Amino acid sequence: MRKFLAAVYSTLLFSLYYFILALIEPEHIGFFIILFSISIAGNIIYGIPVSLLSDYVTKKLTKGRLFSAGIIHIIFGSLLVFFIGGFAFFAIICAVLFFFFDELLKGSFKTFWKKPIIVMEFTIVILLGVSSSFWWLGYNIEETREETNTIFLIPDDYEGSVMVFYNVPEEPPLDKEGEYSIVPLKLETIPQLHMTNMDEVATYSTSSRQVLGYITDEYYYVDENGERIAIDGSCIYHANSGSDGNIEYSVYQIKASGCGENFKWDGHAPYFDQTREALKYFNYGYKEKKSL
Numbered sequence: 000m001r002k003f004l005a006a007v008y009s010t011l012l013f014s015l016y017y018f019i020l021a022l023i024e025p026e027h028i029g030f031f032i033i034l035f036s037i038s039i040a041g042n043i044i045y046g047i048p049v050s051l052l053s054d055y056v057t058k059k060l061t062k063g064r065l066f067s068a069g070i071i072h073i074i075f076g077s078l079l080v081f082f083i084g085g086f087a088f089f090a091i092i093c094a095v096l097f098f099f100f101d102e103l104l105k106g107s108f109k110t111f112w113k114k115p116i117i118v119m120e121f122t123i124v125i126l127l128g129v130s131s132s133f134w135w136l137g138y139n140i141e142e143t144r145e146e147t148n149t150i151f152l153i154p155d156d157y158e159g160s161v162m163v164f165y166n167v168p169e170e171p172p173l174d175k176e177g178e179y180s181i182v183p184l185k186l187e188t189i190p191q192l193h194m195t196n197m198d199e200v201a202t203y204s205t206s207s208r209q210v211l212g213y214i215t216d217e218y219y220y221v222d223e224n225g226e227r228i229a230i231d232g233s234c235i236y237h238a239n240s241g242s243d244g245n246i247e248y249s250v251y252q253i254k255a256s257g258c259g260e261n262f263k264w265d266g267h268a269p270y271f272d273q274t275r276e277a278l279k280y281f282n283y284g285y286k287e288k289k290s291l
């Protein structure tokens, strides 16, 4: 019964943050329900046997029992990384909470502040649990993250919006250059903008899927001889992404001069108007607040 209560209490405390988040933002209620269900099942099916094993292994220890029990909980929580990947972050947190409530119900902390050794052991267990959970999370992200790996070839000296449409039926797939996909942009005239100096937009359509992930893209101007000239990062603004049914799009802004941190992070206001009109011309809805 003590183990069962420890499983319940640790699940409730672990889920509390996500419960509050779901109350504030109802769209997170689904994630809370899934997380709560998985954590309570994991604590009962996996956590209780691990805790019983911990009791059996450490029952004869007269010194360091608390520390040893905590390490066993953390180790078995960490082993789940091989089955649930980055979600082992949650598993380790649950393991530490399970350990805490189990020891609390056992009465291990009745003389907590009177025994510095217990304070030290418990503190080390907490620090190891938190650090190992974040380490596993970072490791999993590093190992599994998807990279965008796209090379954008932009007409020489072009300034303005760059628009790429993905999953477009009957359009060609992107060619590859090593691990990178090649997007050979071309200029297309937008009739609605013929009275402005921004009536040409760099665009390309492909049947390939859009890759979202860690941005490793490269941007080049291409002159009339096909020579590539790298574009500085401060001359590129990552604007928006969106979709219209199955077709997705990504929007960027490019400047050949007058670049800097302001443009890199905020873009150029007239280019937003250019993008809006271009998307209307291509018959796609413009979603201003959806970040890339």
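Going by numbering that gives the first Met the number 0, 33 is the number at position 34 of the sequence shown; the sequence numbering is gapless. Note that beta-carbon positions come from the ideal geometry of N, C-alpha and C, so glycine has one too. Computed from a predicted structure; not experimentally measured.
Terminal residues of the alpha helix (DSSP H) in which residue i lies
| i | result |
| --- | --- |
| R275 | 268-280 |
| E187 | Taken as a continuous stretch (DSSP letters only), E187 belongs to no alpha helix (DSSP H), being part of the beta strand (DSSP E) at 185-188. |
| G29 | 28-41 |
Residue environment, residue i, which counts as buried when at least 16 other CB atoms sit within 10 Å
| i | result |
| --- | --- |
| G259 | exposed |
| E199 | buried |
| M0 | exposed |
| A6 | buried |
| D222 | exposed |
| T61 | exposed |
| Q191 | exposed |
| N261 | exposed |
| F97 | buried |
| A68 | buried |
| D145 | The sequence as given places Glu at residue 145; Asp does not occur at that position. The residue in question, E145, is exposed, as its Cβ has fewer than 16 Cβ neighbours within 10 Å. |
| V56 | exposed |
| G29 | exposed |
| H72 | buried |
| L79 | buried |
Same chain, Cβ closer than 7 Å to residue i, five either side skipped, listed in chain order
| i | result |
| --- | --- |
| P183 | L152, Y203 |
| G212 | R144, E145, E146, T147 |
Close Cβ partners of residue i (< 8 Å) along its chain, the five nearest in sequence each way excluded
| i | result |
| --- | --- |
| H267 | Y236, Q252, K254 |
| P172 | T205, S206, S207 |
| S180 | N148, T149, I150, L173, D174, S207, V210 |
Residues near residue i by beta carbon distance below 6 Å, same chain, minus five either side
| i | result |
| --- | --- |
| S233 | C258, G259, K263 |
| Y157 | A201 |
| F100 | A5, Y8, S9 |
DSSP beta-bridge partners of residue i
| i | result |
| --- | --- |
| R208 | BP columns for R208 are empty, so no partner. |
| G159 | I253 |
| T354 | Only positions 0 to 291 of the chain appear in this structure, which leaves residue 354 out of reach. |
| S233 | Per DSSP, none; premise fails for S233. |
| K58 | In DSSP, K58 forms no bridge with anything. |
| Y165 | E247 |
| P154 | V221 |
Boundaries (first-last residue) of the beta strand (DSSP E) holding residue i
| i | result |
| --- | --- |
| Y220 | 217-221 |
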